[in-house]
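Enquirer: Here it is, the structure, as structure tokens.
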Amino acid sequence: MTTEAKKPIPVRLILLMAMLIALVAFGPDLTFQLKLNRELAAAVPDEDFVDSVRYESIRLEMVLLAFWDSGKIAHRQEAIGILRFPATRELRLNPPPCHDRILREGVVDRDAIVREHAIYAMHQFEHPDFERHLLNCLADPDAHFRIIGMRMLRHTGRTNAIHLVADQLDTLDRNVICEAVNWLQIVTGKDHGMSSLLLCNRRVVTEGKTADWDAKFQAAVTSARDWWKQEQPGSASALKAGAIPDHAPGPPVPLHELPVVNRNGNPIDWSRYDGKPLLLYFHTAWRASSGREIRPMQELQARAGERLSIIGVSVDAIADEHNTTQHADLLPGAEKDTVGFGHGKVLDETNAHAHSHDHEHAHPQIEFSKIARRVLQQAYRNKFTFPIVFDVESTISRYFQGGEVPAFVLLDEERRIIRRFTNERSATSILAMAGLDSLDE
Numbered sequence: 067m068t069t070e071a072k073k074p075i076p077v078r079l080i081l082l083m084a085m086l087i088a089l090v091a092f093g094p095d096l097t098f099q100l101k102l103n104r105e106l107a108a109a110v111p112d113e114d115f116v117d118s119v120r121y122e123s124i125r126l127e128m129v130l131l132a133f134w135d136s137g138k139i140a141h142r143q144e145a146i147g148i149l150r151f152p153a154t155r156e157l158r159l160n161p162p163p164c165h166d167r168i169l170r171e172g173v174v175d176r177d178a179i180v181r182e183h184a185i186y187a188m189h190q191f192e193h194p195d196f197e198r199h200l201l202n203c204l205a206d207p208d209a210h211f212r213i214i215g216m217r218m219l220r221h222t223g224r225t226n227a228i229h230l231v232a233d234q235l236d237t238l239d240r241n242v243i244c245e246a247v248n249w250l251q252i253v254t255g256k257d258h259g260m261s262s263l264l265l266c267n268r269r270v271v272t273e274g275k276t277a278d279w280d281a282k283f284q285a286a287v288t289s290a291r292d293w294w295k296q297e298q299p300g301s302a303s304a305l306k307a308g309a310i311p312d313h314a315p316g317p318p319v320p321l322h323e324l325p326v327v328n329r330n331g332n333p334i335d336w337s338r339y340d341g342k343p344l345l346l347y348f349h350t351a352w353r354a355s356s357g358r359e360i361r362p363m364q365e366l367q368a369r370a371g372e373r374l375s376i377i378g379v380s381v382d383a384i385a386d387e388h389n390t391t392q393h394a395d396l397l398p399g400a401e402k403d404t405v406g407f408g409h410g411k412v413l414d415e416t417n418a419h420a421h422s423h424d425h426e427h428a429h430p431q432i433e434f435s436k437i438a439r440r441v442l443q444q445a446y447r448n449k450f451t452f453p454i455v456f457d458v459e460s461t462i463s464r465y466f467q468g469g470e471v472p473a474f475v476l477l478d479e480e481r482r483i484i485r486r487f488t489n490e491r492s493a494t495s496i497l498a499m500a501g502l503d504s505l506d507e
């Protein structure tokens with residue numbers, strides 16, 4: 067009786083079984099990696115994806131590092147935001163190992179949001195470099211960070227920084243001076259007249275909108291300065307002034323790869339603005355510009371002269387719920403069909419898009435022409451004389467996260483990012499950040 071030989075298992079079946087085993091063993095990791103790659107390719111991270119990993123320590127660290135190393139503004143903001151607002155007590159007490167590197171790099175990042183989150187997160191995690199970077203804030207050319215520095219000094223009980231705060235009385239930014247007087251009043255108990263009413267009306271005070279408010283503000287500042295002259299010889303400070311730490315500049319921004327167009331839809335040549343610092347001002351006509359935004363820009367264009375190029379980048383040409391013919395018709399002065407010329411003439415140079423919008427207009431040429439006219443009308447009413455450009459392909463807005471209006475990107479002569487920030491800054495602060503003026507007297 068003969069034994070029948072067993073047939074060999076087909077190679078294809080073996081490979082198929084191996085693939086099935088691999089999918090069972092590594093499927094979740096492969097799926098997660100695919101999702102992560104998709105998020106890294108996106109202009110802005112998906113909140114649902116981020117929320118899904120907040121409570122998973124291993125995957126969370128992977129996401130933090132991937133987002134941070136992507137170099138994308140929105141992704142770095144998300145990474146540092148997770149550290150500043152930890153989802154669990156465990157994460158607060160035992161942060162992932164990568165947090166140290168992210169905080170050290172974040173505190174000197176070019177983006178103001180990342181920078182601000184980093185300094186607060188350093189305090190939360192009791193980072194050994196916190197105090198040094200906190201004091202650095204008081205030497206920052208951005209007035210916003212001087213204010214943050216003073217507030218954190220007070221909230222963390224560092225009242226021995228009185229010398230450093232008193233020095234802020236001699237800055238050229240009214241918001242900084244207002245914060246310094248308030249700090250001295252609270253810490254020393256000496257009333258200089260910076261009342262809660264003045265603080266509540268800070269916008270009016272710092273803009274010198276009325277003579278009465280301005281007189282009260284000046285009286286409070288004079289009182290604080292006179293008091294400090296008397297107190298300074300007999301007082302001592304345990305803290306030394308900070309300084310902005312040295313860090314290697316980033317690579318030049320490839321502006322030639324970020325096309326923008328003028329009101330006629332023709333591309334502009336970025337090289338015409340070579341040789342001086344450049345400020346990109348991302349804005350939109352459907353969002354009414356506040357006086358706090360308009361007045362500093364008017365002052366900046368007057369004071370900057372030929373030292374700084376300013377370009378307004380309109381995001382209105384993007385096809386979304388904001389940028390439609392209907393919304394354009396609702397803009398103030400929409401009944402006018404012409405852009406004013408003569409005094410306050412606007413130089414139109416480009417066309418801009420907000421991030422994460424890839425739609426097309428039903429009638430792109432008609433729509434764009436109408437939007438461009440409305441944008442330039444508003445710029446004329448605001449007395450903006452700098453060029454206005456449009457990003458119809460959404461390229462430059464995605465690159466700089468310019469859909470978060472108002473947003474400002476300051477580039478040096480070599481087109482490296484000096485600072486990116488949202489919301490208004492004083493003309494003095496912007497010129498100081500550009501290295502063209504000083505924030506201190």
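Remember, the numbering used here sits 66 above the position in the sequence shown when you count from 1. We put the CB at the ideal spot given by N, CA and C, even for glycine. Values in this document were obtained by computation on a predicted structure and should not be read as measured data.
Within 10 Å of its beta-carbon, does Q99 have 16 or more other beta-carbons around it, so buried, or fewer, so exposed?
Expert: So Q99 ends up on the exposed side.
Enquirer: Mapping the DSSP letters down to three states, classify I360 as helix, strand or coil.
Expert: helix
Enquirer: Helix, strand or coil: which one does DSSP assign to A383?
Expert: Three-state result, A383: coil.
Enquirer: Would you kindly work out how many angstroms separate the C-alpha atoms of S123 and S492, rounded to a whole number?
Expert: 42 angstroms
Enquirer: For a minimum of 3 consecutive residues, which ranges assigned as the beta strand (DSSP E) are wholly contained in the region 134-217?
Expert: Entirely contained in the region 134-217, not one beta strand (DSSP E) run reaches 3 residues.
Enquirer: So, with DSSP's three-state summary, where would you put M83?
Expert: In the three-state reduction of the DSSP assignment, M83 falls in the helix class.
Enquirer: I think I139 touches R486, with their Cβ atoms under 8 angstroms apart; what is that distance to the nearest whole Å?
Expert: 7 angstroms
Enquirer: Could you name the residues of the same chain whose beta carbon sits closer than 7 angstroms to that of E470, not counting the 5 residues immediately before and after it, in chain order?
Expert: T488, listed in sequence order.
Enquirer: Evaluate I228 with the Cβ neighbour count: other Cβ atoms within 10 Å of its Cβ, from every protein chain shown; 16 or more gives buried, anything less gives exposed.
Expert: buried
Enquirer: Does the Cβ-Cβ distance between D382 and I437 come in under 8 angstroms?
Expert: yes
Enquirer: Should L169 and S136 be called a contact, given that it needs their Cβ atoms to be closer than 8 angstroms?
Expert: No, the Cβ-Cβ distance between L169 and S136 is not below 8 angstroms.
Enquirer: Give me the residue from I483, S261, E245 with the minimum Cα distance to P318.
Expert: Of I483, S261, E245, the smallest CA-CA separation from P318 is found for I483.
Enquirer: Would DSSP call H258 helix, strand or coil?
Expert: DSSP places H258 in coil when its eight states are reduced to three.
Enquirer: Does the distance from the CB of S337 to the CB of I454 come in under 8 angstroms?
Expert: no
Enquirer: Which two residues bound the contiguous beta strand (DSSP E) that contains T451?
Expert: Taken as a continuous stretch (DSSP letters only), T451 belongs to no beta strand (DSSP E), as it is neither H nor E.
Enquirer: Indicate whether the contact test is met: 3 or more Cβ pairs, each with one atom in the region 150-163 and one in the region 184-192, closer than 8 angstroms.
Expert: yes
Enquirer: Would you decide whether S460 is buried or exposed? Buried here means 16 or more other CB atoms lie within 10 Å of its CB.
Expert: buried
Enquirer: Judging by CA-CA distance, which residue of L497, T225, Q143, I377 is the nearest neighbour of F450?
Expert: A check of alpha carbon separations from F450 across L497, T225, Q143, I377 identifies I377 as the nearest.
Enquirer: Taking the DSSP output, what are the residues bridged to S375?
Expert: L344
Enquirer: Give me the residue from S435, F283, D166, R240 with the minimum Cα distance to W134.
Expert: Distance from the Cα of W134 is smallest, within the candidate group S435, F283, D166, R240, for D166.
Enquirer: Figure out for me which residue from R291, P207, R217 has the closest Cα to the Cα of D55.
Expert: The first residue shown for the chain is 67 and the last is 507, placing residue 55 beyond what the model contains.
Enquirer: Suppose the cutoff is 7 angstroms on Cβ atoms and the five residues either side in sequence are ignored; what does the same chain contact list for I462 look like?
Expert: Taken in chain order, the residues that qualify are L324, V326, V379, A418, G468.
Enquirer: Go ahead and pull the three-state DSSP assignment for L502.
Expert: Here L502 sits in coil by DSSP.
Enquirer: Measure the C-alpha to C-alpha separation of P320 and E480 and round it to an integer number of angstroms.
Expert: 10 angstroms
Enquirer: Taking all protein chains shown into account, do 16 or more other C-beta atoms lie within 10 angstroms of the C-beta of I252, making it buried, or fewer, making it exposed?
Expert: exposed
Enquirer: Quick test of your reading: L442 and R329, contact by CB under 8 angstroms. State the CB separation rounded to the nearest angstrom.
Expert: That belief holds up - the Cβ atoms of L442 and R329 are roughly 6 angstroms apart, short of 8 angstroms.
Enquirer: Run through the DSSP bridge pairs and tell me what T237 is partnered with.
Expert: D506
Enquirer: Which residue from M499, G501, S495, R220 puts its Cα closest to that of D239?
Expert: Nearest of M499, G501, S495, R220 to D239, Cα basis: S495.
Enquirer: If L235 sits next to W279, beta carbons under 8 angstroms apart, how far is it from one beta carbon to the other, in whole angstroms?
Expert: Going by Cβ atoms, the distance from L235 to W279 rounds to 19 angstroms, so no, they are not a contact pair.
Enquirer: On the CB-based measure, 16 or more other CB atoms within 10 Å of its CB, does N448 come out buried or exposed?
Expert: buried
Enquirer: Taking all protein chains shown into account, do 16 or more other C-beta atoms lie within 10 angstroms of the C-beta of L204, making it buried, or fewer, making it exposed?
Expert: Classification of L204: buried, given that the 10 Å Cβ count is 16 or more.
Enquirer: Where do the ends of the alpha helix (DSSP H) carrying T288 lie?
Expert: 277-297
Enquirer: Rounded to whole angstroms, what's the CA-CA distance from D177 to F348? Just pull it up for me.
Expert: Taking the straight line joining both Cα atoms gives about 15 angstroms.
Enquirer: Rounded to whole angstroms, how far is the Cβ of A187 from the Cβ of L149, which I believe are closer than 8 angstroms?
Expert: The Cβ separation is near 5 angstroms, so the contact holds.
Enquirer: When burial is assigned at 16 or more other CB atoms within 10 Å of the CB, is Y465 buried or exposed?
Expert: buried
Enquirer: Return helix, strand or coil for T225, following the three-state DSSP convention.
Expert: Assignment of T225 by DSSP, reduced to helix, strand and coil, places it in the helix class.
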